[in-house]
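Asker: Numbering (full-length UniProt numbering), first residue to last: 1 to 314.
For each residue, glycine too, the CB sits at the ideal point set by N, CA and C.
Rendered as structure tokens:
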């Protein structure tokens, strides 16, 4: 009997909206019975991807998100402490508005296992090593600190120390790290769920409580990766010519500025519905022969941006 195709998933950055959206995406894959052979995530994608890879029940995780108190992941310093650090100490040693301890404990409480090595399938989380000035793909060690390091947006969160080095948000260098798994795990297809905000209502951001954070989030998500088009569903091939099909989903989702959670379940439901709608017509091709049966890539000029795809680090 022929082996089933190996399908990997990549979850992009996307702020708090991305956490809800990726949860909906993974629930849709489960409903479509599309198995995951390997996964990678950046920022919000690293958080949700790590929880899923650990074997945690996604429905239970969805229930947690529906009623989560933002203080479980966002504990900003008091105004008095902030002013003391900035005015009295002149910013010396002040590296972020919130510590990473609360989100780290929150992640630990949701994981079914605590290390990459124990995960159900290979999982990679992208972060930036501040001292060395380069991106790092975590795939070994304790999950929670590396998931949070991947999501530690500069200025919002203080950098996370791991084994003597300091790390922050991987979105600074790559919104969706497909090269972490595409050619590393013998995949036949890669599904990228890209939820970084494409267009933002700046008036709404300016009127929100955390306007500065909304602007920073927009700057981090300004990139437009090569695998996207003007459509919500785009087909490509791995740029290293291994032949793996690359399926990119860019859903149309409600806005959800940081650190708002109200409206999160609606984002999750929209992502789940659109994933099912977009992938169901190609489910049989994905599960039988994605290399041969999925649509051929579209060329630049047919809706695809004219940007060169970077080669995978095979």
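Spatial neighbours of residue 278 within its chain, please: C-beta separation below 7 Å, excluding the five flanking residues on both sides.
Answerer: Hits under 7 Å: 232, 233, 249.
Asker: In chain order, what residues of the same chain lie with their CB nearer than 6 Å to the CB of residue 236, ignoring the 5 residues before and after it?
Answerer: Excluding residues within five positions, the ones whose Cβ falls inside 6 Å are 227, 246, 297.
Asker: Taking the alpha-carbon positions, what's the residue 229 to residue 194 distance?
Answerer: So the two alpha carbons sit approximately 11 Å from each other.
Asker: Helix, strand or coil for residue 261? Go by DSSP, reduced to three states.
Answerer: Three-state DSSP puts residue 261 in coil, outside helix and strand.
Asker: Between the stretch 105-116 and the stretch 6-23, are three or more C-beta pairs nearer than 8 Å?
Answerer: With the cut-off at 8 Å, the stretch 105-116 and the stretch 6-23 do not touch.
Asker: Tell me which residues share the same chain as residue 315 and place their Cβ nearer than 8 Å to its Cβ, disregarding the 5 neighbours each side in the sequence.
Answerer: The shown model of the chain, from 1 to 314, leaves out residue 315, and the question about it has no answer.
Asker: Within 10 angstroms of its Cβ, does residue 80 collect 16 or more other Cβ (buried), or is it exposed?
Answerer: Answer is exposed; the Cβ neighbour count stays below 16.
Asker: Would residue 131 be called buried (16 or more neighbouring beta carbons within 10 Å of its own) or exposed?
Answerer: Residue 131 comes out exposed.
Asker: Quickly, what does DSSP pair residue 76 with across the bridge? List them, please.
Answerer: Bridge partners of residue 76: 98.
Asker: Tell me which residues share the same chain as residue 265 and place their Cβ nearer than 6 Å to its Cβ, disregarding the 5 neighbours each side in the sequence.
Answerer: Answer for residue 265: 66, listed in chain order.
Asker: Going by C-alpha to C-alpha distance, which of 82, 160, 69, 89 sits closest to residue 104?
Answerer: Residue 104 has its Cα closest to that of 160, out of 82, 160, 69, 89.
Asker: Per DSSP, what kind of secondary structure is residue 173 in: helix, strand or coil?
Answerer: Coil.
Asker: What are the start and end residues of the alpha helix (DSSP H) that includes residue 20?
Answerer: From DSSP, the alpha helix (DSSP H) with residue 20 extends over 15-31.
Asker: Would you kindly report the start and end of the unbroken alpha helix (DSSP H) that includes residue 136?
Answerer: Taken as a continuous stretch (DSSP letters only), residue 136 belongs to no alpha helix (DSSP H), being part of the beta strand (DSSP E) at 134-138.
Asker: Is it true that the stretch 23-35 meets the stretch 259-274, where meeting means three or more beta-carbon pairs spaced less than 8 Å apart?
Answerer: These segments touch.
Asker: Could you tell me whether the Cβ atoms of residue 64 and residue 36 are closer together than 7 Å?
Answerer: Cβ atoms of residue 64 and residue 36: not closer than 7 Å.
Asker: Starting from residue 156, trace the beta strand (DSSP E) both ways and give me its first and last residue.
Answerer: Note, residue 156: beta strand (DSSP E), 155-157.
Asker: Using 8 Å as the Cβ pair cut-off and three pairs as the minimum, do the stretch 162-180 and the stretch 112-130 touch?
Answerer: Judged by Cβ distances under 8 Å, the stretch 162-180 makes contact with the stretch 112-130, as three or more pairs qualify.
Asker: Could you check the C-alpha separation between residue 112 and residue 54 for me, to the nearest Å?
Answerer: Taking the straight line from one Cα to the other gives about 5 Å.
Asker: Using three-state DSSP, classify residue 226 as helix, strand or coil.
Answerer: DSSP places residue 226 in coil when its eight states are reduced to three.
Asker: Cα separation between residue 7 and residue 41?
Answerer: The straight-line gap from Cα to Cα measures roughly 15 Å.
Asker: Give the DSSP-derived three-state secondary structure of residue 275 in the structure shown.
Answerer: The answer is helix: DSSP assigns residue 275 an H, G or I state.
Asker: Pick from 286, 294, 292: whose alpha carbon is nearest that of residue 4?
Answerer: Measuring from the Cα of residue 4, the nearest candidate turns out to be 286.
Asker: In its own chain, which residues sit with a C-beta less than 6 Å from the C-beta of residue 1, not counting the 5 before and 5 after it?
Answerer: Unreliable positioning characterises residue 1 in this predicted model, as indicated by a pLDDT of 42, which lies under 50. A coordinate reading is not provided.
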